[in-house]
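Report on the following structure.
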Amino acid sequence: MQFYSTNKQSPSVSFKEATIKGQAPDKGLYFPEYIPQLDAGFIANIENYSNEEIAYRVIAPYVGEEMTEETLRRIVAETVSFPIPLVEVTDSISSLELFHGPTLAFKDIGARFMSRCLREAVGTRTGQATSSGQTSTSGLTNTTTTPITVLVATSGDTGGAVANGFFGVEGVEVVILYPSGKVSPVQEKQLTTLGGNIKALEVQGTFDDCQAMVKQAFMDQELTRLRFLTSANSINVARWLPQQFYYFFAYKQWKEKGQPPVFSVPSGNFGNICAGILAMQSGLPVSHFIAACNVNDIVSDYLRTQELRPKKAVPTLSNAMDVGNPSNFVRILEIFGNRFPELKNRLSAYTITDAETEATVKRIWEETGYLADPHGAVGYLALERYLQANPGLKGIFLETAHPVKFPESVERITGQPIPLPEAVMAIMHQEKKSVLIGPDYEALKSYLLD
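For what it's worth, our numbering labels the leading residue of the sequence shown as 5, then goes sequentially.
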């Protein structure tokens with residue numbers, strides 16, 4: 005399998021090269037040269053397969069011969085080694101709980117898979133460095149002793165998942181940028197307390213500032229001659245592609261196979277929902293997709309106007325979705341060949357305010373006893389509205405993070421304390437280790453070159 009740039013101005017690369025490079029030299033995102041079609045018999049009998057086997061069959065066509073079957077199966081098994089249950093909340097709405105991994109967020113899947121893929125790539129350094137320090141088309145990376153630097157921006161959960169996934173990986177340094185005061189206390193502890201090869205930069209700005217700084221670093225030839233950079237955001241194929249797994253796991257648990265579910269996905273940078281749409285195009289039965297947005301609703305506007313207008317992100321209760329310029333939406337456009345009618349037929353979007361989010365967390369709790377985090381509540385309400393407009397359908401919302409990651413808002417809304425999981429209790433009293441920098445690229449470059 006080869007991967008081309010969505011900007012069509014860079015050479016196609018292998019899966020391993022795309023993983024190491026992160027983003028194409030022409031600033032586009034890597035996209036598979038074709039979308040694999042899964043066997044209909046596999047889908048029809050999906051209940052008979054283990055999660056490990058499902059995940060392997062989904063990802064194997066993308067990896068191709070870049071790894072041995074034994075290696076890929078081991079990576080997959082380590083990636084999906086925790087439960088991902090589908091929980092019925094009402095007669096027509098179920099929750100896919102993605103918070104049972106080590107950092108209590110859906111990004112554990114992508115981060116664990118990518119860290120292990122990158123570890124394999126680092127262990128097989130056979131290529132020659134180009135003048136820019138990047139991979140040559142004949143190999144994976146350089147043969148020098150320069151470590152790979154994983155540079156990543158986070159709006160909340162990515163940072164903790166990446167930190168956990170890469171902690172202690174030899175030959176890999178991780179630098180995480182996060183917006184100061186705009187992540188929850190638990191999220192901040194998860195990305196600032198590990199130390200070792202994990203470094204946290206606390207940026208006095210927004211997530212969009214962090215993301216723009218990271219993108220500029222990858223385009224800085226002076227910097228990339230001295231630091232071998234790659235990304236662990238969902239722009240990286242090894243972070244993005246494995247997110248397909250849990251959509252298949254959800255369908256495996258879906259009782260009414262004759263009536264495929266509607267999926268409502270809390271959406272910020274749009275990597276998660278893009279992976280789900282890719283799974284659908286590969287053969288997964290899905291009735292419809294809903295992009296559940298907070299007031300950072302660039303895609304909601306696009307579906308109304310056919311104009312994609314990035315804007316400055318606004319802080320909300322669902323902070324991981326506070327993205328004013330969603331990088332992965334270009335991949336969704338690529339999936340549908342930039343054909344707006346086809347896209348509009350398979351994707352809807354709803355905008356949910358903070359007031360509506362609070363009311364929904366409270367209502368779900370009081371009516372069903374189910375405790376949703378703010379992101380899950382956005383997904384629930386968007387799904388509820390779609391089902392009201394389309395009677396007879398049933399659906400799944402993605403509960404992307406454990407409510408304990410947002411204790412102040414959830415406890416205030418419900419009036420109930422949230423018991424701390426052991427994984428959280430162990431870090432809450434540890435010392436925060438971060439470097440405070442301004443929201444300008446030169447501050448980041450100076451840190452990386454120091």
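No residue lacks a Cβ here, since even glycine has one placed at the ideal position from N, Cα and C.
Could you have a look at Ala81 and say whether DSSP puts it in helix, strand or coil? Counting from one through the sequence shown, the residue named residue 81 turns up at place 77. Ala81 falls in the helix class under three-state DSSP.
With a threshold of 16 other CB atoms inside 10 Å of the CB of Val91, please say whether the residue is buried or exposed. In the sequence shown, counting from the first residue as 1, residue 91 sits at position 87. Residue burial annotation: Val91 is exposed, with fewer than 16 other C-beta atoms found within 10 angstroms of its C-beta.
So what does Phe401 bridge to, in DSSP terms? For this step, residue 401 is matched to residue 397 along the sequence shown. Phe401 pairs with Ser99 and Ser268.
Are Tyr66 and Met118 touching if we call contact CB-CB under 7 angstroms? Position 62 of the sequence shown, counted from the start, is the residue given in the question as residue 66. Position 114 of the sequence shown, counted from the start, is the residue given in the question as residue 118. Against a cut-off of 7 angstroms, the Cβ pair of Met118 and Tyr66 comes out as no contact.
Ordered along the chain, which non-local residues of its own chain (more than five positions away) have a Cβ less than 7 angstroms from that of Tyr451? Indexing the sequence shown from 1 puts residue 451 at position 447. Within the same chain, Tyr451 has close Cβ partners Leu205, Val439 and Ile441.
Beta-carbon gap between His406 and Leu108 smaller than 7 angstroms: By one-based count along the sequence shown, residue 406 stands at place 402. By one-based count along the sequence shown, residue 108 stands at place 104. His406 is a Cβ neighbour of Leu108, given a cutoff of 7 angstroms.
Residue nearest to Lys25 in terms of C-alpha spacing, selected from Ala324, Gly164 and Cys121: Your numbering for residue 25 matches position 21 in the sequence shown. Per the Cα distances, Cys121.
Stretch-stretch touch, CB-based, cutoff 8 angstroms, three pairs: the region 280-294 with the region 341-355: Under the Cβ criterion (8 angstroms, minimum of three pairs), the region 280-294 counts as touching the region 341-355.
Quick check: the Cα distance between Leu227 and Lys31, rounded to an integer number of angstroms? As a working mapping, residue 227 is identified with position 223 in the sequence shown. As a working mapping, residue 31 is identified with position 27 in the sequence shown. Each residue's Cα considered, the two are about 16 angstroms apart.
Ranges of the beta strand (DSSP E) found wholly within the region 197-261, counting only runs of at least 3: Runs of the beta strand (DSSP E) spanning 3 or more residues and lying entirely within the region 197-261 occur at 202-207 and 232-235, in chain order.
Per-residue DSSP class, three states only, for Thr148: Translated into the one-based positions of the sequence shown, residue 148 becomes position 144. The predicted model places Thr148 with a pLDDT of 42, which falls under 50 and marks its position as unreliable; any figure quoted below should be read in that light. Coil at Thr148, not helix or strand.
Between which two residues does the beta strand (DSSP E) containing Pro1 stretch? Absent from the structure is residue 1, since the part of the chain shown begins at 5 and ends at 454.
Applying the 10 Å Cβ sphere with the 16-neighbour rule, what's the burial state of His433? Stepping through the sequence shown from its first residue, residue 433 is reached at position 429. Exposed is the call here.
Please list, in chain order, all residues of the same chain as Ser98 whose beta carbon is under 7 angstroms from its beta carbon, the five residues on each side excluded. Within the sequence shown, residue 98 is the residue found at index 94, counting from 1. Answer for Ser98: Leu90, Val91, Glu92 and Ile400, listed in chain order.
Cα-Cα separation, Ser235 to Val154: Looking up residue 235 in the sequence shown gives position 231. Looking up residue 154 in the sequence shown gives position 150. So the two alpha carbons sit approximately 5 angstroms from each other.
For Phe171 and Phe103, what's the separation of their Cα atoms in angstroms? Taking the first residue of the sequence shown as position 1, residue 171 is located at position 167. Taking the first residue of the sequence shown as position 1, residue 103 is located at position 99. For the pair Phe171 and Phe103, the Cα-to-Cα distance works out to about 19 angstroms.
Leu351 in three-state terms, based on DSSP: Your numbering for residue 351 matches position 347 in the sequence shown. Of the three classes helix, strand and coil, the one that applies to Leu351 here is strand, per DSSP.
Could you give the DSSP three-state label for Gln138: helix, strand or coil? Counting from one through the sequence shown, the residue named residue 138 turns up at place 134. Low local confidence applies: a pLDDT of 37 at Gln138 is under 50, so the model's placement there is unreliable, and no value is given.
Endpoints, alpha helix (DSSP H) assigned at Pro411: One-based indexing of the sequence shown puts residue 411 at position 407. Per DSSP, Pro411 belongs to the alpha helix (DSSP H) from Pro411 to Thr418.
When you compare only the Cα positions, how much space is there between Ile202 and Val179? On the sequence shown, position 198 is the one that residue 202 refers to. On the sequence shown, position 175 is the one that residue 179 refers to. So the alpha carbons of these two residues sit roughly 6 angstroms apart.
Which residues in the same chain as Arg389 place their Cβ atom closer than 7 angstroms to its Cβ, once the five residues preceding and following it in sequence are excluded? Position 385 of the sequence shown, counted from the start, is the residue given in the question as residue 389. Taken in chain order, the residues that qualify are Tyr354.
If Lys437 sits next to Gly199, beta carbons under 8 angstroms apart, how far is it from one beta carbon to the other, in whole angstroms? Along the sequence shown, read from residue 1 onward, the residue named residue 437 stands at position 433. Along the sequence shown, read from residue 1 onward, the residue named residue 199 stands at position 195. The C-beta separation of Lys437 from Gly199 comes to about 6 angstroms, placing the pair in contact by the 8 angstroms criterion.
Provide the residue span of the beta strand (DSSP E) that contains Glu92, from first to last. The count along the sequence shown starts at 1 and reaches residue 92 at position 88. According to the DSSP assignment, Glu92 belongs to the beta strand (DSSP E) that extends over Leu90 to Glu92.
Closest to Val303 by C-alpha separation, out of Ser322, Gly328, Leu282 and Glu446, would be which residue? Reading the sequence shown from its first residue, position 299 is the one you call residue 303. Shortest Cα-Cα distance from Val303 to any of Ser322, Gly328, Leu282 and Glu446 involves Gly328.
DSSP three-state call for Lys356: helix, strand or coil? For the purposes of this step, residue 356 is taken as residue 352 along the sequence shown, with counting starting at 1. In the sequence under discussion, the amino acid at residue 356 is Ile, which differs from the Lys named in the question. Under the three-state reduction of DSSP, Ile356 is assigned to coil, being neither helix nor strand.
Let me confirm a value: Thr72 is counted as buried when at least 16 other C-beta atoms fall within 10 Å, else exposed. Which label applies? Here the question's residue 72 lines up with position 68 in the sequence shown. So Thr72 counts as exposed.
Span of the beta strand (DSSP E) holding Ile441? The sequence position of residue 441 within the sequence shown is 437, counting from 1. According to the DSSP assignment, Ile441 belongs to the beta strand (DSSP E) that extends over Val439 to Ile441.
Nearest-angstrom Cα separation, counted from Glu82 out to Leu245: Looking up residue 245 in the sequence shown gives position 241. Looking up residue 82 in the sequence shown gives position 78. About 16 angstroms.
Could you check whether Tyr60 and Arg77 sit closer than 7 angstroms to each other, using their CB atoms as the reference points? Residue numbering aside, residue 77 sits at position 73 when the sequence shown is read from its first letter. Residue numbering aside, residue 60 sits at position 56 when the sequence shown is read from its first letter. Yes, the Cβ-Cβ distance between Arg77 and Tyr60 is below 7 angstroms.
Anyone know if the C-beta pair for Leu230 and Phe222 falls short of 7 angstroms? By one-based count along the sequence shown, residue 230 stands at place 226. By one-based count along the sequence shown, residue 222 stands at place 218. Cβ atoms of Leu230 and Phe222: not closer than 7 angstroms.
Hey, quick one: how far does the beta strand (DSSP E) through Gln285 stretch, first residue to last? By 1-based counting over the sequence shown, the position of residue 285 is 281. Annotation for Gln285: no beta strand (DSSP E) segment contains it, though the alpha helix (DSSP H) segment containing it runs Gly275 to Gln285.
What does the Cβ neighbour count give for Met284, buried or exposed, with the cut at 16 atoms within 10 Å? Your numbering for residue 284 matches position 280 in the sequence shown. Its Cβ being crowded by 16 or more others within 10 Å, Met284 is buried.
Would you call the region 274-289 and the region 314-333 touching, i.e. three or more CB-CB distances under 8 angstroms? A contact between stretches requires three or more CB pairs, one per stretch, nearer than 8 angstroms, and the region 274-289 meets this requirement with the region 314-333.
Rounded to whole angstroms, what is the Cα-Cα separation between Lys449 and Gly163? Working through the sequence shown from its first residue, we reach residue 449 at position 445. Working through the sequence shown from its first residue, we reach residue 163 at position 159. Rounded to whole angstroms, Lys449 to Gly163 spans 19 angstroms at the Cα level.
Under a three-way DSSP split, which group does Glu435 fall into? Taking the sequence shown and counting its residues from 1, one reaches residue 435 at position 431. DSSP places Glu435 in coil when its eight states are reduced to three.
Ser14 versus Gly287: straight-line alpha-carbon distance, rounded: By 1-based counting over the sequence shown, the position of residue 14 is 10. By 1-based counting over the sequence shown, the position of residue 287 is 283. Using only the alpha carbons, I get a separation of about 29 angstroms.
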